[in-house]
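Under this note's numbering, the first residue of the sequence shown is numbered 13, with each subsequent residue one higher.
Below is one structure, written out as structure tokens; the observations come after it.
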Amino acid sequence: MEKLRNFINGEYVAPIEGKYLDKLSPVTGKKIYELPASTEIDVVKAIQAAQNAFEDWSALKAAERSRILNRVADIIDRRADELAEAESRDVGKTLELAKKLDMPRAALNFRFFASAIMHKQEMATDMDGEAINYVLRQPVGVAGLISPWNLPLYLLSWKIAPALACGNTVVCKPSEFTSKTAFLLGEILNEAGVPKGVCNIVLGQGDPAGSYLVQHPGVPLISFTGGTATGEKIQKLAAPGVKKLSLELGGKNATIIMKDVDIAKIIPSIARASFLNQGEICLCGSKILVQDDIYEEFCTQLAKYVDNMVVGDPMDPKTFMGPIVSKTQYDKVLGMLEIAKKDGGKIIAGGVVPELPGELSGGYFLRPTLIKELTNCSEIHQTEIFGPVVTINSFKYAHEAVKWANNSPYGLSASVWTKNLNQAHKIAADLRVGTVWVNTWLQRDLRVPFGGSKASGLGREGGDLSIDFYTETKTVCIQLK
Ligand code: NAD
């Protein structure tokens, strides 16, 4: 059985206490490898390596850091098929999605920040000839980067790339449910010439490995993507020493559909926004709101489309949805389905475990599920499910849809579908979320702010905002007279 190892100071090393966790395949439920159950000692070794590497890496010219990060991107591209297969086996996402979305984006993250640091300009001001101010931008130190299981390499590289580009060194703690591509990244970093200790990867559970990383006084910056409950814990753990903190957390995103849409045209996009990656994208639209004039027709057409979506082997190109990532998540999603039924929800598509042949019968599969007639106070509408379970409700006026969408502890994103652009502007302005898509979904420009309001997070990343987060600015004021 394959045993993954930690990547510390440029070398693969076994966990010091010699303990391992089992990784089960979401497709079959069988064990596929073991990963280190890292403890505090492993995290300390990684932090020490990152501290030792900091002086040289941060002193390197931006052009040299940029060159190295571009090489990382090139190697990800070269090994994209192998990485995509590893990601698909770990998460249960389709191989096609891993090839089309995850790996190109992982490479782009490195390329984007390799380029961004070459173009960064700083402010200087003239105080009427009496004094001038200029700004120095400097790395923060050792960054602790903690990522979830749904888009493993995509989200981890969204942290590693800007952190390294800005001259920090890092210790990463990827999800214990999906560690394989982070493990393979070590080889890529070495081949690209990333110096020893600049990027360290410690595998294992959130507690102890992640929580110790957050608390260590030698780590002044934490970037975390994951669930809101974990984010709250991290906020407390990071308080002593007042660490820099970025939290990208959960969502319960509304998909608002106005009566003027071309129903047949948008159905595939709405189904994709609901169920891509098994509905395990923080930005998936899990709460569909349709204007009442077209509600029944929309429900009928969407249910028909969803019933035809292929669920099965993620390696099969015909498959749209693979299994849910883990038994824990599977049980949570099935539990939410039971609550929906108890609360009076009417299932109009899915809601059943598909019968799949052979080894697939042991996997964590669920048909994509659409539920009607659940009130907004049902727990289903107030809690993030993070799986292929979506509700659909009607509204009369746009302001009612906005009220419904905003009546949520979360504030990550929403999408609005209409031909009336004036109406779209008004709804977009009224929604209390970090991103609003109009007649599109998941279209990402890496230059724009990304993040959530309310329980969906703290801070924004993307473009200059990521560079701001991974650096400290210093103002120097010089008296001229
Ligand atoms: P999670 O919070 O359970 O785990 C995320 C990471 O935190 C993992 O690496 C885990 O090991 C670690 N962790 C757990 N407890 C910890 C602790 N006490 N201290 C430090 N680290 C700890 O989340 P998950 O189940 O892996 O991911 C799903 C969640 O992530 C969903 O809520 C989803 O919405 C969210 N998410 C958000 C975004 C975003 O950009 N806003 C993107 C993707 C996923």
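Where a beta carbon is used, it is the ideal one built from N, C-alpha and C, also for glycine.
Since the structure is predicted, the reported quantities are computational estimates derived from the model, not experimental observations.
Nearest-angstrom beta carbon gap, residue j and residue i [assumed within contact, 8 Å]
i: Q313; j: I279; result: 5 Å
i: P369; j: F377; result: Between F377 and P369 the Cβ distance is about 12 Å, and since that is not below 8 Å, they are no contact.
i: F125; j: A177; result: 4 Å
i: G446; j: S258; result: Between S258 and G446 the Cβ distance is about 13 Å, and since that is not below 8 Å, they are no contact.
i: N18; j: S50; result: 6 Å
i: S425; j: R444; result: Going by Cβ atoms, the distance from S425 to R444 rounds to 11 Å, so no, they are not a contact pair.
i: G475; j: V460; result: 7 Å
i: W7; j: S187; result: There is no way to answer for residue 7, as the model of the chain reaches only from 13 to 493.
i: G362; j: T381; result: 4 Å
i: F310; j: I275; result: 6 Å
i: P220; j: E52; result: 6 Å
i: K112; j: A92; result: With a Cβ gap of about 10 Å, K112 and A92 do not count as contacting.
i: A191; j: L16; result: As written in the sequence, residue 191 is Ser, which differs from the Ala given in the question. So it is a contact: roughly 6 Å between Cβ atoms.
i: I392; j: M348; result: 6 Å
i: E260; j: G399; result: Incorrect: roughly 19 Å between the Cβ atoms, too far for contact.
6 Å Cβ shell around residue i - same chain, five flanking residues per side excluded
i: T485; result: V147 and R149
i: A85; result: A119, F122 and R123
i: L167; result: S159 and T237
i: K1; result: No answer is possible for residue 1: it lies beyond the span of the chain, which begins at 13 and ends at 493.
i: P27; result: P48, S50 and D54
i: L95; result: M115 and T193
i: L201; result: C211
i: Y317; result: I279 and A283
i: L477; result: P461
i: V337; result: P38, V103, G104, W161 and F189
i: Q133; result: none
i: A467; result: T240, P421 and Y422
i: G153; result: P232
i: G291; result: G399 and P400
Buried or exposed (CB count within 10 angstroms, at least 16 for buried), residue i
i: D102; result: buried
i: Y482; result: buried
i: I569; result: Only positions 13 to 493 of the chain appear in this structure, which leaves residue 569 out of reach.
i: V184; result: In the sequence under discussion, the amino acid at residue 184 is Cys, which differs from the Val named in the question. C184 should be labelled buried.
i: K105; result: buried
i: G262; result: buried
i: V428; result: buried
i: S373; result: exposed
i: R117; result: buried
i: A155; result: buried
i: T137; result: exposed
i: Q491; result: exposed
i: D325; result: buried
i: A75; result: exposed
i: A241; result: exposed
i: Q341; result: buried
i: N320; result: exposed
i: K31; result: exposed
i: A71; result: exposed
i: Y45; result: buried
i: P229; result: exposed
i: C527; result: In the structure as shown, the chain starts at 13 and stops at 493, and residue 527 therefore has no counterpart that could be examined.
i: R90; result: exposed
i: E371; result: exposed
Residues near residue i by beta carbon distance below 8 Å, same chain, minus five either side
i: K43; result: M13, D34, K35, L36 and S37
i: E385; result: G356, G357, K358 and N405
i: N432; result: M270 and D272
i: G41; result: K339, G374, G375 and Y376
i: Q227; result: L249, A250 and P252
i: R77; result: W69, A126, I129, L176, A177 and G179
i: A413; result: A266, I268, L301, Q303, F407 and I439
Cβ-heavy atom distance, residue i to ligand 2, below 7 Å
i: K245; result: No copy of ligand 2 appears in this structure; the ligands present are ligand 1.
Same chain, Cβ closer than 7 Å to residue i, neighbours up to 5 away in sequence not counted
i: N10; result: Here the chain covers residues 13 to 493 and nothing more, so residue 10 does not appear.
i: H411; result: none
i: I80; result: A204, G205 and V206
i: E396; result: G262, G263, K264 and Y422
i: S281; result: W453
i: G463; result: E260, G446, G469, G471, R472 and E473
Segment contact flag, the segment 320 to 335 with the segment 436 to 444, C-beta cutoff 8 Å, min 3 pairs:
Contact fails: fewer than three Cβ-Cβ distances are below 8 Å.
Closer than 8 Å is the cut-off here; do at least three beta carbon pairs connect the segment 128 to 147 with the segment 206 to 217?
Between the segment 128 to 147 and the segment 206 to 217, the count of Cβ pairs shorter than 8 Å is below three; the stretches do not touch.
Contact the segment 278 to 293 vs the segment 452 to 463: 3+ CB pairs below 8 Å
A contact exists between the segment 278 to 293 and the segment 452 to 463.
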